[in-house]
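First the structure, in the form of structure tokens, and then the observations on it.
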Amino acid sequence: MLWMVSEEAESDIGVETDILQYTSSSKLPYENNNNCPKITGSKPRSKSKEINKAGDYLIEINGNVLSVFGHGALKFIDRPWNPLKARDVTTVKFSSLDFNFISAVLNRVKHRFLNAEHFHFSDTNIYCLGQLNALADIQGLTSLTIEPKGNPVTKKNWRSYAIYRLSHWGLKTINNQQITPVELTSSDLEFRGLSNIVISCLPDNLLEPLLERLQLNQTITRPREWLDLAEPSIRTVVAKEALQWRKTKQEYSSWREKGRIHLQKIISSTLTTVLKLKQLNVEWSSILREIVRDTLVDYSHFDSYMKQCISQIKA
1 MLWMVSEEAE SDIGVETDIL QYTSSSKLPY ENNNNCPKIT GSKPRSKSKE INKAGDYLIE
61 INGNVLSVFG HGALKFIDRP WNPLKARDVT TVKFSSLDFN FISAVLNRVK HRFLNAEHFH
121 FSDTNIYCLG QLNALADIQG LTSLTIEPKG NPVTKKNWRS YAIYRLSHWG LKTINNQQIT
181 PVELTSSDLE FRGLSNIVIS CLPDNLLEPL LERLQLNQTI TRPREWLDLA EPSIRTVVAK
241 EALQWRKTKQ EYSSWREKGR IHLQKIISST LTTVLKLKQL NVEWSSILRE IVRDTLVDYS
301 HFDSYMKQCI SQIKA
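For the sequence shown, full-length UniProt numbering begins at 1 and goes up steadily by one.
Okay, structure coming up:
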């Protein structure tokens with residue numbers, strides 16, 4: 001099954017037809033139906049040229065592989081697929097489109113192709129570890145491949161974070177390399193501090209829906225108290241699932257700006273406090289002498305001191 005359309009073809013076909021469906025063994029739709037719109041104005045292109053032309057996109061099922069090429073292909077994820085072919089899909093390959101748009105459809109991809117468990121990303125602009133959080137929407141992910149081409153995150157130690165974040169959903173292979181028990185242990189140790197921070201900072205209004213999504217809240221009346229008493233393994237899973245990726249750049253930028261301003265205030269307040277403590281440390285000896293001297297003077301003229309205190313109270 002092959003669905004393919006280019007921007008140029010869309011303008012030739014018109015608004016009523018937004019997709020062409022054909023196979024290599026069948027005729028084009030308009031060859032059997034004179035009422036079907038035809039692509040005119042240019043000579044037929046080879047498939048390879050059609051794919052590589054800027055702005056084109058492709059989505060196809062070839063055996064057990066679903067290939068998604070170009071941003072425009074994402075809108076066809078929800079199209080009605082042949083149920084038998086959809087069930088055969090075990091591998092999904094994304095290429096030449098931005099991961100921030102992919103992350104918005106990952107849950108729908110898994111819903112449409114229930115047996116998909118191997119995911120491949122090439123030239124998808126995965127640039128930070130936080131984006132890997134979005135892959136948790138693919139529950140049942142067993143293997144993950146992120147190509148160095150077009151994915152700056154591969155220059156970082158992303159494998160360890162991917163193991164930490166996704167292993168509890170069944171991830172076993174990364175870039176064709178099996179995950180070892182040693183890697184599982186080391187990644188949990190490496191990011192244990194992150195788990196502790198997330199658990200301590202997670203507000204109650206986010207904790208309750210998170211426990212509901214993980215199906216852990218059937219008998220919970222006080223989520224925070226329950227979480228504090230839960231087993232370490234459950235607390236770790238909750239902490240991992242609390243790590244989310246902001247799926248739109250605008251929303252992410254807004255939260256990032258708020259965080260930057262808040263952090264700036266904390267740093268400024270901390271610096272002011274440190275400077276005051278340093279100044280106090282320098283002047284403390286003279287301040288202490290003045291306090292002792294004033295106290296001794298007041299007690300040496302106790303009657304006058306008492307009258308002064310009474311006057312201050314009356315005033």
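No residue lacks a Cβ here, since even glycine has one placed at the ideal position from N, Cα and C.
Given residue i as reference, the closest of the options once Cα atoms are compared
i: Asn82; options: Gly70, His71, Ile61 and Asp98; result: Ile61
i: Arg192; options: Asn175, Ile174 and Arg165; result: Arg165
i: Ile179; options: Leu194, Ser304, Leu189 and Ala162; result: Ala162
i: Gly140; options: Thr91, Ser95 and Cys128; result: Thr91
i: Lys110; options: Asn100, Leu135, Ile174 and Ser95; result: Leu135
i: Gln177; options: Leu243, Thr145, Asn196 and Glu190; result: Thr145
i: Lys85; options: Gln279, Leu243, Val65 and Ser95; result: Val65
i: Pro232; options: Arg222, Gln264 and Ile199; result: Ile199
i: Ile197; options: Ser187, Lys172 and Arg235; result: Arg235
i: Phe99; options: Gly150, Ser160, Lys307 and Trp284; result: Gly150
i: Leu207; options: Leu114, Glu241 and Ile174; result: Glu241
i: Leu127; options: Leu271, Thr154, Arg224 and Ile138; result: Looking at the sequence itself, residue 127 is Tyr, so the reference to Leu does not match. Closest option to Tyr127, Cα to Cα, is Thr154.
i: His120; options: Lys93, Asp137 and Arg108; result: Lys93
i: Leu227; options: Trp245, Lys258, Ser195 and Lys75; result: Ser195
i: Ile174; options: Pro148, Glu190 and Gln308; result: Pro148
i: Gly63; options: Val182, Val89, Leu243 and Ile267; result: Val89
i: Arg108; options: Leu97, Phe76, Gly130 and Lys278; result: Phe76
i: Cys201; options: Ser286, Arg224 and Leu129; result: Arg224
i: Phe101; options: Trp245, Arg260, Lys172 and Phe113; result: Trp245
Delimiting residues of the alpha helix (DSSP H) encompassing residue i
i: Val105; result: From DSSP, Val105 is part of no alpha helix (DSSP H); its letter is neither H nor E.
i: Ile199; result: Arg192 to Cys201
i: Lys85; result: Pro83 to Asp88
i: Gln308; result: Phe302 to Lys314
i: Ser233; result: Pro232 to Ala242
Paired residues, beta bridge with residue i - DSSP
i: Lys156; result: Answer by DSSP bridge pairing: none, since Lys156 is not bridged.
i: His118; result: Thr91 and Ser143
i: Ile174; result: Leu144 and Gln177
Residue i, buried or exposed, once every other Cβ within 10 Å from all chains shown has been counted against 16
i: Gly170; result: exposed
i: Lys43; result: Caution is warranted here: a pLDDT of 38 is assigned to Lys43, below 50, making its placement in the model unreliable, and the coordinate value is therefore given only provisionally. So Lys43 counts as exposed.
i: Trp158; result: buried
i: Asp303; result: exposed
i: Thr124; result: buried
i: Ile313; result: exposed
i: Asn133; result: buried
i: Gly70; result: buried
i: Glu290; result: exposed
i: residue 325; result: Only positions 1 to 315 of the chain appear in the structure, and residue 325 is not among them; the question remains open.
i: Ala73; result: buried
i: Asp18; result: Residue placement at Asp18 is poorly supported in this model, since its pLDDT is 35, which falls under 50; the coordinates are not used for a value here.
i: Lys53; result: Bear in mind that a pLDDT of 35 at Lys53, under 50, signals an unreliable position, so the model cannot answer this.
i: Ser187; result: buried
i: Gln308; result: exposed
i: Val297; result: exposed
i: Gln131; result: buried
i: Val68; result: buried
i: Ile59; result: buried
i: Leu211; result: buried
i: Leu97; result: buried
Supposed close pair residue i, residue j - CB separation, criterion 8 angstroms
i: Ser103; j: Ser122; result: With a Cβ gap of about 16 angstroms, Ser103 and Ser122 do not count as contacting.
i: His168; j: Val237; result: 6 angstroms
i: Arg79; j: Asn115; result: About 18 angstroms separates the two Cβ atoms, so there is no contact after all.
i: Leu106; j: Asp56; result: Contact doesn't hold; Cβ gap of about 23 angstroms is too wide.
i: Glu183; j: Thr142; result: Contact flag wrong, Cβ pair sits at about 15 angstroms.
i: Lys156; j: Leu129; result: 7 angstroms
Residue i Cβ short of 8 angstroms to the ligand FAD heavy atom set
i: Ala86; result: With respect to the ligand FAD, the structure shown offers nothing to examine, as it has no ligands at all.
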